[in-house]
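Engineer: Quick one: this structure, given as structure tokens, is what I'll be asking you about.
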Amino acid sequence: MATAEVAESRKLPRPGRGGVVSHNLTEEEARVKAIAEIVNNMVDQSRRGDTLDSGWMIRMQVNHCYPLLDFRYNPYVQARGRIDQLKRLGHSVDKVEFILMGGTFMSLPSDYRDYFIRNLHDALSGHTSANVEEAVSYSEHSATKCIGMTIETRPDYCLGPHLRQMLSYGCTRLEIGVQSTYEDVARDTNRGHTVAAVADCFSLAKDAGFKVVSCLKLHVYSCTLVVSS
1 MATAEVAESR
11 KLPRPGRGGV
21 VSHNLTEEEA
31 RVKAIAEIVN
41 NMVDQSRRGD
51 TLDSGWMIRM
61 QVNHCYPLLD
71 FRYNPYVQAR
81 GRIDQLKRLG
91 HSVDKVEFIL
101 MGGTFMSLPS
111 DYRDYFIRNL
121 HDALSGHTSA
131 NVEEAVSYSE
141 HSATKCIGMT
151 IETRPDYCLG
161 PHLRQMLSYG
171 CTRLEIGVQS
181 TYEDVARDTN
191 RGHTVAAVAD
201 CFSLAKDAGF
211 KVVSCLKLHV
221 YSCTLVVSS
């Protein structure tokens, strides 16, 4: 009987769409509680003279203590939650931009990429789409429109097939990890591509109609201050 009561009190995620588990707390209540415990732990560590590691504490709190906050990897809940938050703060959300930061998105399996992009667009329209093409089509006519999408990638994941896929996602801008324009630095840091490949992918991306920005790292291994400057 107790098991049945616990199960009934939870709002299980909808298949394919994500969701929030309540555990008798609203999303806002659990978030406030998690933040309070993180701050309290930081204060305790400081008083003991320990080294502060806020990142570890945040991961522990969110990953293990409050499963209902487990929307970090769910694109639908992330996007929908952020839009609702902006509305509550009084912002206009008729136009939004998605930025897929960190890592190389195009190196992920194609089925996961399709799932992720489809749910981002579905979060705008409220429609449950069967594929990316359908999701983009409904998103174009939603009250909240995606007017731009940036995807971070690498030169070796910015070739013809990748560019065509990113166009189908509704991507408008690429952030390409160049890191260094010196061949020896790219070699010594195991970038996995040449500087010539960087120039080629920039040309391909611009010809495909993308806006292009690049990431550079200063003072990386084997790169002197003079070279970085």
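Using the UniProt record's numbering, read the sequence shown as starting at 1 and increasing by one per residue.
Here a beta-carbon is modelled for each residue, glycine too, at the ideal position from N, C-alpha and C.
Here the structure is a predicted model, which means the values were calculated and not measured.
1) Under three-state DSSP, which class holds Val93?
2) So is Val39 buried or exposed if we call it buried at 16+ other beta carbons inside 10 Å?
3) Could you have a look at Arg173 and say whether DSSP puts it in helix, strand or coil?
4) Specify, as a first and last residue, the run of the alpha helix (DSSP H) that Val132 falls within.
5) Could you check which residue in Pro155, Asn74, Pro75 has the C-alpha nearest to that of Ala205?
6) Note down the Cα distance separating Pro109 from Phe116, rounded to an integer number of angstroms.
7) Provide the residue(s) that pair with Cys215 in DSSP beta bridges, ordered along the chain.
8) How about Arg118 and Ala135: do their beta carbons lie closer than 8 Å?
9) For Thr144, which residues from the same chain have a beta carbon less than 7 Å from its beta carbon, with the 5 sequence-adjacent residues on both sides left out?
10) Roughly how many whole angstroms lie between the Cα atoms of Arg17 and His91?
11) Check Asp100 in the structure and name its three-state DSSP category.
12) With distances taken between CB atoms, is the gap from Cys215 to Gly177 smaller than 8 Å?
13) What does Ile38 pair with, by DSSP beta-bridge criteria?
14) Distance check for Phe105 and Ile151, CA to CA, integer angstroms please.
15) For Thr153, which option in Met166, Ile147, Ser142, His141 has the closest C-alpha, if you only look at C-alpha atoms?
16) If you drop the 5 nearest sequence neighbours on each side, which residues of the same chain put their C-beta closer than 7 Å to that of Cys140?
17) Please classify Trp103: is it buried, with 16 or more other beta-carbons within 10 angstroms of its beta-carbon, or exposed?
18) Assuming Tyr182 contacts Val195 (C-beta within less than 8 Å), just tell me the rounded distance between them.
19) May I have the straight-line CA-CA distance separating residue 243 from Leu89, to the nearest angstrom?
20) Where does the unbroken beta strand (DSSP E) through Cys146 begin, and where does it stop?
21) Thinking Thr172 and Phe210 are a contact (beta carbons under 8 Å), I'd like their distance in whole angstroms, please.
Structural biologist: Quick look at the numbers:
1) Coil.
2) Exposed, since its Cβ has fewer than 16 Cβ neighbours within 10 Å.
3) Under the three-state reduction of DSSP output, Arg173 falls in the strand class.
4) Per DSSP, the unbroken alpha helix (DSSP H) holding Val132 starts and ends at 132-140.
5) The shortest C-alpha separation from Ala205 is found at Pro155.
6) When rounded, the distance between both Cα atoms is 11 Å.
7) Residue pairing from DSSP places Cys215 in a beta bridge opposite Gly177.
8) Between Arg118 and Ala135, the gap from beta carbon to beta carbon is short of 8 Å.
9) Within the same chain, Cβ atoms closer than 7 Å to the Cβ of Thr144 are found at Ile83, Val93, Asp94, Val96, Leu124, the five residues on either side in sequence being excluded.
10) Model confidence at Arg17 stands at a pLDDT of 41, short of 50, so the residue's coordinates are unreliable; what they give is reported in the following sentence. Looking at the two C-alpha atoms, the distance is approximately 25 Å.
11) Looking at the sequence shown, residue 100 is not Asp but Leu. Under the three-state reduction of DSSP output, Leu100 falls in the strand class.
12) In this structure, Gly177 lies closer than 8 Å to Cys215 by Cβ.
13) When DSSP reads this structure, Ile38 sits in no beta bridge, so it has no partner.
14) Each residue's CA atom was taken as its position, placing Ile151 and Phe105 some 7 Å apart.
15) Taking each of Met166, Ile147, Ser142, His141 in turn and checking the Cα distance to Thr153, the smallest one comes out for Met166.
16) Just to set this straight, residue 140 is Glu in the shown sequence, not Cys. Same-chain partners within the cutoff: there are none.
17) In the sequence on display, residue 103 carries Gly and not Trp. Exposed.
18) Between the beta-carbon of Tyr182 and that of Val195 there is about 7 Å, and that keeps the pair under the 8 Å contact cut.
19) The question about residue 243 has no answer, for the chain in this structure spans 1 to 229.
20) For Cys146, the enclosing beta strand (DSSP E) stretches over residues 145-153.
21) Thr172 to Phe210, Cβ: 7 Å. Contact.
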